[in-house]
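Numbering (numbering that gives the first Met the number 0), first residue to last: 0 to 466.
Each residue gets a CB set at the ideal place from its N, CA and C atoms; glycine is no exception.
Here the structure is laid out as structure tokens; the discussion comes afterwards.
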Amino acid sequence: MAAADLFKKLKANAPAIKRTTAEQRIAKLEKLRSAIIQREAAIRAALAKDFSKAGTEVEITEIVPCLVEIKETIGELHHWMKPHRVGTPLSLFGTKSEIRYEPKGVVLIIGPWNYPFQLVIAPLIAAVAAGNVVVIKPSELTDAVAKLTVELIGAVFSPDEVAVVEGDHIVTQELLALPFDHFFFTGSTKVGKIVAEAAAKHLASTTLELGGKSPAIVDETADLELTANRLVWGKFVNAGQTCIAPDYILVHESKQDALVRELGRAIDGMYGSTPDAKKSNTDFARIINKRNYDRLKGLLDDTLKAGAKVAIGGETDAGARYIAPTVVTGVTPDSALMSEEIFGPILPVLTYRQLSEVTDLVTARDKPLALYVFSGNDDHIAEVLGATTAGGTCVNTTTLHFANSNLPFGGVGASGSGNYHGFFGFKAFSHERAVLRQGRIDMVKQLYPPYGPKVAKTLKLMRKLFT
Ligand code: NAD
0 MAAADLFKKL
10 KANAPAIKRT
20 TAEQRIAKLE
30 KLRSAIIQRE
40 AAIRAALAKD
50 FSKAGTEVEI
60 TEIVPCLVEI
70 KETIGELHHW
80 MKPHRVGTPL
90 SLFGTKSEIR
100 YEPKGVVLII
110 GPWNYPFQLV
120 IAPLIAAVAA
130 GNVVVIKPSE
140 LTDAVAKLTV
150 ELIGAVFSPD
160 EVAVVEGDHI
170 VTQELLALPF
180 DHFFFTGSTK
190 VGKIVAEAAA
200 KHLASTTLEL
210 GGKSPAIVDE
220 TADLELTANR
230 LVWGKFVNAG
240 QTCIAPDYIL
250 VHESKQDALV
260 RELGRAIDGM
270 YGSTPDAKKS
280 NTDFARIINK
290 RNYDRLKGLL
300 DDTLKAGAKV
310 AIGGETDAGA
320 RYIAPTVVTG
330 VTPDSALMSE
340 EIFGPILPVL
350 TYRQLSEVTD
360 LVTARDKPLA
370 LYVFSGNDDH
380 IAEVLGATTA
390 GGTCVNTTTL
400 HFANSNLPFG
410 GVGASGSGNY
420 HGFFGFKAFS
430 HERAVLRQGR
440 IDMVKQLYPP
450 YGPKVAKTLK
460 LMRKLFT
């Protein structure tokens, strides 16, 4: 079906879906949950096919987060959907006010390839909970997951409530030309700008979940063994192809050698102690495609040519699209590896002497999606939090802020705008409608024209009381 016809069909159904009750939406989410559980093996197989992602990692990072999101949404939806009463200023005595959460209407969810299941299903859960009709556009780079998504959605939703449209950027642009009420995009900053421009033409709202370079700061007081384990997990899960992976390390120069030693130990412990053991380890994913492999290899080679050193790893195999977990030292802010989001298993290490060098470097760059700080010193942590901004931050760990749905997940500036997860997701797909009800008592009537001395006196009193 042509995109415009599909849109029309969904739009015609939007008013009916808007009026669904919490019970009806919960029933759909329960159906989605069962359908996901039934297809667990197929989801693992699809991700293995797309980029050799380990089954257990698929469970941890793709399936479980969706099931958690469904459970929390089901548990809270009645409460979220109830009109939220708000206070009344004395000047409006005689009125009552509330916020009603209404669905945005017809929404488009555009997904990336790196967590191709979770990053379309989690927004879908929020969109359905909020009572929208939805078009999903999965990434064309993870074809097996895209096919599975089509089948899954077809089994759970009627085609005029949730539809999946497969295709490349041309198809995405066709969809972007349609007057959706909300565009929810996860992907690169570059394409985020295209989506923002398209949405502006319709005056539609957007949630832009973008990328960027997320720094990890390790000061001289950090526990290096813990720090290394947590950095290695956050960086090399999904072979570094994670939007909130620590992109580069800024370590106090007195601790660089010890940190690199601990990073080596942590990498060996998680992925194998020899280059061969690492390469044959099926827990470690492959690079998504040749273009990204070549890009990463180019960034690494250019950085090494400029004088940096491979401290750990460095083995590559173009045929297998394999890059070993790699740590590079001697990197400077103008190295190739510092010129763009790495999005692969290469971790550059830069050193600093004063904390102010770190905050200056971070604030001079685009606002990151995540910023991590490892420290045993509360003043240092407060200094980093105070001097920088980021979509989200973990102190003494990485990536876990994503997993707490009581926290809004999203970027800031070049790393995105808007957020989701839990109630924030429900809100992202809702319009907050302000409703004020007036009873018989009416203070404002005292200000009606004619604007004579009576009004002037009342106004004077009101200004004294309320301003
Ligand atoms: P991408 O921007 O290349 O693609 C994302 C989607 O946009 C795909 O569905 C693709 O079909 C579509 N697209 C690509 N080019 C387009 C164009 N010219 N016009 C219209 N649509 C187009 O991103 P990607 O490579 O799939 O994902 C990697 C990026 O996503 C990284 O920057 C990463 O940090 C970011 N990301 C962010 C989050 C987050 O939650 N903030 C999560 C995952 C990935």
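Helix, strand or coil at residue i according to DSSP, with G and I counted as helix
| i | result |
| --- | --- |
| C242 | coil |
| R364 | coil |
| Q437 | strand |
| S213 | coil |
| F235 | helix |
| Y270 | helix |
| V149 | helix |
| G415 | strand |
| H83 | strand |
| P102 | strand |
| L202 | coil |
| I108 | strand |
| P452 | helix |
| A257 | helix |
| T185 | strand |
| I322 | strand |
| Y292 | helix |
| K52 | coil |
| G391 | strand |
| H77 | helix |
| E431 | strand |
| S157 | coil |
| E173 | helix |
| F423 | helix |
| V134 | strand |
| A276 | helix |
Closer than 6 Å: residue i CB and nearest the ligand NAD heavy atom
| i | result |
| --- | --- |
| H168 | yes |
| Q193 | Looking at the sequence provided, one finds Ile at residue 193 rather than Gln. Yes, the beta carbon of I193 sits closer than 6 Å to at least one heavy atom of the ligand NAD. |
| W232 | no |
| C65 | no |
| C242 | yes |
| I341 | no |
| T206 | no |
| N113 | yes |
| Q445 | no |
| V149 | no |
| V57 | no |
| I109 | yes |
| G412 | no |
| S355 | no |
| S138 | yes |
| Q37 | no |
| S187 | yes |
| G130 | no |
| T171 | yes |
| V105 | no |
| G210 | yes |
| V127 | no |
| V164 | no |
| N383 | In the sequence on display, residue 383 carries Val and not Asn. Checking the Cβ of V383 against the ligand NAD gives no. |
| V190 | yes |
Outcome for residue i when other beta-carbon atoms lying within 10 angstroms are tallied against a minimum of 16
| i | result |
| --- | --- |
| F465 | exposed |
| L458 | exposed |
| A199 | exposed |
| P452 | exposed |
| G239 | buried |
| G424 | buried |
| Q353 | exposed |
| N405 | exposed |
Cutoff 7 Å: residue i Cβ touching any chain D Cβ
| i | result |
| --- | --- |
| K7 | Absent from the structure: chain D. Only one protein chain is present. |
request  = Decide if the stretch 154-170 is in contact with the stretch 23-43; the criterion is three or more beta carbon pairs, one per stretch, under 8 Å apart.
outcome  = Result yes; three or more Cβ-Cβ pairs closer than 8 Å.
query = Quick one: any contact between the stretch 240-260 and the stretch 428-444, if contact means 3 or more CB pairs under 8 Å?
reply = Because the criterion of three Cβ pairs below 8 Å is not met, the stretch 240-260 and the stretch 428-444 do not touch.
ask   = Touching or not, the stretch 336-346 and the stretch 206-215, by the rule of three or more beta carbon pairs under 8 Å?
value = Short answer: they touch.
query = Within the chosen definition, does the stretch 435-451 reach the stretch 137-149 through at least 3 CB pairs nearer than 8 Å?
reply = Counting Cβ pairs under 8 Å, fewer than three are found: no touch.
ask   = Taking one C-beta from the stretch 388-397 and one from the stretch 221-232 each time, how about it: are there three or more such pairs within less than 8 Å?
value = With a cut-off of 8 Å, the stretch 221-232 and the stretch 388-397 count as touching, because enough Cβ pairs lie within range.
query = Three or more C-beta pairs closer than 8 Å, one from the stretch 281-291 and one from the stretch 316-331: is that the case here?
reply = Judged by Cβ distances under 8 Å, the stretch 281-291 makes contact with the stretch 316-331, as three or more pairs qualify.
message = Would you call the stretch 89-100 in contact with the stretch 34-52, where contact means no fewer than 3 C-beta pairs closer than 8 Å?
response = Under the three-pair Cβ rule at 8 Å, the stretch 89-100 does not count as touching the stretch 34-52.
task = Evaluate contact between the stretch 100-109 and the stretch 167-183, counting only Cβ atoms and requiring at least three cross-stretch pairs below 8 Å.
result = At 8 Å Cβ cutoff, the stretches touch.
ask   = Per the contact definition of three or more C-beta pairs closer than 8 Å, is the stretch 175-195 in contact with the stretch 72-87?
value = The stretch 72-87 vs the stretch 175-195: no contact.
request  = Would you check if the stretch 404-423 and the stretch 186-206 touch, i.e. whether three or more CB-CB distances between them fall below 8 Å?
outcome  = Flag = yes, the stretch 186-206 and the stretch 404-423 touch.
message = I'd like to know if the stretch 364-374 and the stretch 218-225 are in contact, where contact means that at least 3 CB-CB pairs between them fall below 8 Å.
response = Look at the beta carbons and you see the stretch 364-374 touching the stretch 218-225: at least three pairs across the two are nearer than 8 Å.
key: Inter-stretch contact (C-beta, 8 Å, three-pair minimum) for the stretch 114-124 and the stretch 253-273   = Judged by Cβ distances under 8 Å, the stretch 114-124 makes no contact with the stretch 253-273, as fewer than three pairs qualify.
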